[in-house]
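Here the sequence shown is numbered in this note's numbering, starting from 19 and rising by one per residue.
C-beta atoms are modelled at their ideal positions from N, C-alpha and C, and glycine is treated no differently.
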Amino acid sequence: MKRILFVAIALIAGVLAGSCATEETTPQQAVVNSPSGENTLNFFLLPDGQPAYTAVHSGTVVIDTSGFGFEFVDMPPLKTGMEIMSVNESTFDETWPMPWGEQLEVRNHYNELEVVLKEKEAPTRTLVLRFRMYDDGLGFRYEFPEQEGMKEALIADELTEFQLTGDHTTWWIPGDWDIYEHLYNTSKVSEINALEKQNHPNLAATYIPENSVNTPVTMRAEGDVKYYLSFHEAALVDYAGMTLRVDTTSLKLTSGLVGSDNTDHKVKRTLPFTTPWRTIQIADEAKELIASKLILNLNEPNAIGDVSWFKPMKYTGIWWEMHLGKSSWDFANTQKGGETLTLEDAKGTHGATTKNTKAFIDFSAKNNIGGVLVEGWNTGWEHWIGFEDREGVFDFVTPYPDYDLKEVVRYGKEKGVEIIMHHETSAAPRTYDQQMDTAYALMKSLGIHSVKSGYVGRLIPKGEYHHGQWMVNHYNNAVIKAAEYEVAVNAHEPIKATGLRRTYPNMIAREGLRGQEFNAWASDGGNPPEHLPLVAFTRMLSGPIDYTPGIFNIKLKPWKENNQVNTTLAHQLALYVVIYSPIQMAADLPEYYEGKPAMQFIRDVGVDWQRTEVLNGEPGDFVTIARQERETGNWFVGSITDEESRAMNITLDFLEPGATYEATIYADARDAHWDMNPEAYEIRIEEVNSETMLSLKLAPGGGAAISIIKK
């Protein structure tokens, strides 16, 4: 690695010497460090005038010479023949409050480099590159200022490069334009083959046009120096989502924007505009990736003001029973053409009834759970999936005749439980756009502050994809519109999280991964034990996840004899701490919680934190996280493992020195196993303090959940 660093510096020096010889007024290179000096970015021009960079971490080149550029539909590429017009450096340091989140405050401390570039020859376009260097990584974006001769940009593709310095171990999902619901793969960069994932039996909409990966994509370098990298983007606004094309020979990643079948461009913007930030998180230990706040910090501050109307909560709901086949989303066997459904049309399996919802409200009120999600409450479910013409199917204000919306809201308020609204669009977002104001206004009138939205299926209009610019704008506009009505959005089948929850803190969570439901109906065996130890170091780096944990009936009997959840029960408990979200579902049917001592952890565990400590972890193997609840100051610890059993010692030095606590440990039983004995667990209580070292034994596919309460 030292040899690579020497060669890279020698190359840069040669390039810069040539550049400086022809440019006397403005240096044709620049260097910027992170505040501690841990990370360094070298910016320079290649001999053909292409801007390029290298990134160095603790003296090791982690990104070798990599270029920038664009291809356009109606003008020449913007890539070579450029010169540096000016270089500006600055430093920024602030601390901003999280209205809800993993901690109370976030420090945003970076050194910034602004490089203004211009083509030497016609059409003499101007481009600004802005870099922000953090101690946990870096971000950069393109800025197109207002200029003569270029009023609009029709971007055919972006040519941002990330030249790796080794064949790193990589955890990846394919660069699908429609979904992120793939299992993560583990391979060397040279072995990535995304195209073989094209036809998946359990995925309704999938389009993978090239050998690319979706972000966040995480890597481990295992040469002379071990380090971790994770590539993603921040502040994705009015732009296409970015995948990363993989050259398995040169080990180079290149940005590939999600396109549309309806246009010859992937992004259309009027000048001036900025692109999303391209991000590289850099860490010496994997656990530092989870602790990083780089993605959030690269977003703009809160734009909607007070969001105290949203309360982080645990919730139950009418959802899992449909995946098990106990009940249905649809009310009738067929949808009448233009006629109003009546109780006589009921097929008898509808889940979202007034009676069933009240039962969930009663259960939630009894168990310190603040919300109830109700899916299948509104008309349209008879014609929502598998049909070509889905425009106008759903009515987002009209309930089925067996569901009294106002009554369940009234009953919930009486019991101190909030109803969570559900809006399934069936991937017909124009229908949703037409009803959005009316739907949100109904919610506000009823005092409902949270909605789960869904976008299952191939998009209408045809030719658009879930991750293209058209849909990016729809997803973001829905959140902005929701804020006007004091509504928080939990989006499923979404665009990926890019830290916009800082700007719009009513963007509370999203799916964007292969969720718990795959365990109930997937034909490939469901999510393997390594799935969530992988998710913690990949998908979770982008933002909160609505994974719906807490399944106690692991074997799913008598509902799904050929399916199961591939973890132990203790692993399911630990997910309330490990997989972060300000909303956490107790997803199982209430009858499987009744009489189970382990339910006490779900009653007790927090969802909103003032401090988070990542104690250990390796992607796909294991992870342990401790979080301190806001208001109460109680601590909770979650630890999960893959299919391997693990013994570990964790030090409780995050506790207040001199104080004594009671730790209740929900652990795998000695003979627990994710497949052979998944529901075996034990509970023990210990007195602990900041000097205590706890010994944990995790079963294969197992975990441990700990509540630590000050005495």
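At the C-beta level, L712 and L670 come within 8 Å of one another. In the three-state reduction of the DSSP assignment, M340 falls in the helix class, which pools H, G and I. Counting C-beta pairs with one atom in each stretch, the segment 147-165 and the segment 284-293 have three or more that are closer than 8 Å, which means they touch. Boundaries for N320: no beta strand (DSSP E) harbours it, and the DSSP string shows neither H nor E there.
In the three-state scheme derived from DSSP, where H, G and I count as helix and E and B as strand, Y610 is classed as helix. Your pair L714 and A685 checks out as a contact, with CB atoms roughly 7 Å apart and the cut at 8 Å. In this structure, S560 keeps its C-beta atom at 8 Å or more from the C-beta atom of T630. Counting C-beta pairs closer than 8 Å gives fewer than three between the segment 86-97 and the segment 185-197, which falls short of the contact rule. In the DSSP assignment, V595 falls within the unbroken alpha helix (DSSP H) covering L587 to V596.
With respect to the 8 Å criterion, W539 and H368 are not classified as neighbours on the basis of their beta carbons. With respect to the 8 Å criterion, I597 and A554 are classified as neighbours on the basis of their beta carbons. When DSSP reads this structure, T630 sits in a beta bridge with R645. In this structure, the alpha-carbon of E170 lies about 37 Å from that of L307. The shortest C-alpha to C-alpha distance from T352 to any of K344, D363, K433 and S345 is the one to D363.
The C-beta separation of T375 from V392 comes to about 6 Å, placing the pair in contact by the 8 Å criterion.
With a 10 Å radius around the Cβ and a threshold of 16 neighbouring Cβ atoms, D302 comes out exposed.
When C-beta atoms of the segment 569-583 are compared with those of the segment 639-649, fewer than three pairs fall below 8 Å, so the two segments do not count as touching. Secondary structure at E579: coil, using DSSP grouped into helix, strand and coil. Apart from sequence neighbours up to five positions away, the residues of its chain that approach E409 with a beta-carbon distance below 8 Å are A446, R448, T449 and I478, ordered along the chain.
In the three-state DSSP reduction, T416 falls in the coil class, being neither helix nor strand. According to DSSP, P115 shares a beta bridge with E123. Between the beta-carbon of G568 and that of A605 there is about 5 Å, and that keeps the pair under the 8 Å contact cut.
Assignment of T375 by DSSP, reduced to helix, strand and coil, places it in the helix class.
Within the segment 410-458, the runs of beta strand (DSSP E) that reach at least 3 residues and sit entirely inside it are, in chain order, 436-442. Residue pairing by DSSP places P718 in no beta bridge whatsoever.
A direct Cα-Cα distance of roughly 25 Å separates H218 from F249. Sixteen is the threshold: when 16 or more other Cβ atoms of the shown chains lie within 10 Å of the Cβ of I513, as they do, the residue is buried.
Under DSSP, the beta-bridge partners assigned to W653 are Q646 and I726. The shortest C-alpha to C-alpha distance from V207 to any of V264, I563 and E436 is the one to V264. Pairwise C-beta distances place the segment 492-505 out of contact with the segment 541-549, as fewer than three of them are shorter than 8 Å. Looking at the DSSP output, L147 shares a beta bridge with V133 and Y160. Take the alpha-carbon of A698 and the one of E579: they are about 19 Å apart. In terms of Cβ geometry, D422 and G398 do not form a close pair [threshold 8 Å]. When C-beta atoms of the segment 144-156 are compared with those of the segment 111-121, fewer than three pairs fall below 8 Å, so the two segments do not count as touching.
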